[in-house]
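Data block below; observations after.
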Amino acid sequence: MIRFERVSFRYDGADPDAPPALGGLDFTVPEGELCLVVGPSGVGKSTLLGAVSGLVPHFTGGHLTGRVTVAGRDTRTHRPRELADVVGTVGQDPLSHFVTDTVEDELAYGMESLGVPPETMRRRVEETLDLLGLADLRDRPIAALSGGQQQRVAIGSVLTVHPRVLVLDEPTSALDPGAAEEVLAVLQRLVHDLGTTVLLAEHRLERVVQYADQVVLLPAPGAPPVVGPPAEVMAV
Ligand code: ADP
Ligand code: ADP
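Using this note's numbering, count along the sequence shown one by one with no gaps and you end on 295.
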């Protein structure tokens, strides 16, 4: 579902003597698996995720070599907008994600911009409220929710589009441990019940490694990536 073929990437204006932001990435995430991207801050996790959603290089600038494909679409020749029905993206800070005021409006918003018919929109909002345990909160202002609830709304707003791939950049880093568990449980359910393919960046490995089918470890800037099953990568 996601394929990196000999991918390297350098931001425009980066120090020419510094290692590239991404180097030598070569891995595949099969449909319906959860792949964890781990490594210390500044090692290229967000850049890797951006190469899947198409933000890199379309919105960042920079030079990408090799090829990244998502559901068969080359992310360099498809702009992020042309990938929006396939790839959903959730970031660290749910508040920066929101464009409406209430839970229900937020869940509908992404579908509106893709021209989903009203009846389908209504059904998908209901289905997603149930899936994420948000039905009781549907009319609430998003600003009044807890961090974990907000992050579930952010995930829900992307899920109503029925993306085949969900990309999350440290979605639990601003949450307390209980709320983080809530969000991780939702991700597990998506993979198991809906067959969604999930690419999840985290810097706290121990919390999430149990959920992963595959791990991409970026050990340090410029160091070769390590890719494999969790037990194998953890042993490195
Ligand atoms: P991580 O997500 O692992 O913290 P990033 O992908 O954000 O790492 O960053 C990888 C490297 O690329 C860092 O050295 C960072 O400073 C640099 N970088 C990130 N975004 C940009 C950008 N838009 N322009 C130039 N350099 C960037
Ligand atoms: P429609 O595509 O018209 O909204 P449904 O809501 O019945 O039709 O969804 C079609 C299929 O998608 C169903 O089998 C349903 O289980 C599945 N599905 C539901 N939610 C999601 C989701 N978030 N991502 C992917 N598939 C989903």
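Note that CB positions come from ideal geometry on N, CA and C, so glycine has one too.
Bridge partner(s) assigned by DSSP for residue i
i	result
Pro200	Thr161
Glu64	Arg126
Val286	Val275
Leu227	Val149, Leu259
Val96	Ala260, Val275
Arg69	His122
Thr187	None, per the DSSP bridge assignment.
Thr219	According to DSSP, which records beta bridges pairwise, Thr219 is partnered with nothing at all.
Leu166	Bridge partners of Leu166: none, in fact.
Thr87	Arg62
Exposure label - residue i; buried when at least 16 CB within 10 Å
i	result
Leu154	exposed
Leu177	Sequence check: residue 177 is Pro here, not Leu. Burial call: exposed.
Glu163	buried
Gln269	exposed
CB of residue i within 9 Å of CB of residue j, strictly
i	j	result
Lys104	Val115	no
Val292	Leu84	no
Met231	Leu93	According to the sequence as given, residue 231 is Thr; it is not Met. The answer is no: Cβ separation not under 9 Å.
Leu249	Leu218	yes
Val226	Leu191	no
Asp160	Ala202	yes
Val146	Val111	yes
Asp272	Pro284	no
Open item on the list: Using a Cβ distance threshold of 8 Å, determine whether the stretch 186-196 contacts the stretch 222-230, with at least three qualifying pairs required.
Closed with: The stretch 186-196 is not in contact with the stretch 222-230.
Open item on the list: Quick check for students: name the residue ranges of the beta strand (DSSP E) that lie wholly in the stretch 101-163, counting only runs of 3 or more.
Closed with: Segments of the beta strand (DSSP E) lying fully in the stretch 101-163: 122-129, 146-149.
Task: Within the stretch 232-274, ranges of the alpha helix (DSSP H) (whole runs, at least 4 residues) - done: Here the runs fully enclosed are 236-248, 264-267.
Task: Three CB pairs or more closer than 8 Å across the stretch 207-214 and the stretch 167-181 - done: These segments do not touch.
Open item on the list: For the stretch 273-290 against the stretch 73-84, do three or more pairs of beta-carbon atoms, one drawn from each stretch, fall closer than 8 Å, so that the two count as touching?
Closed with: Cβ pair count under 8 Å is three or more, so yes.
Task: Segment contact, 8 Å Cβ cut-off, at least three pairs: the stretch 118-129 with the stretch 63-76 - done: Yes: the two stretches touch, three or more of their Cβ pairs being nearer than 8 Å.
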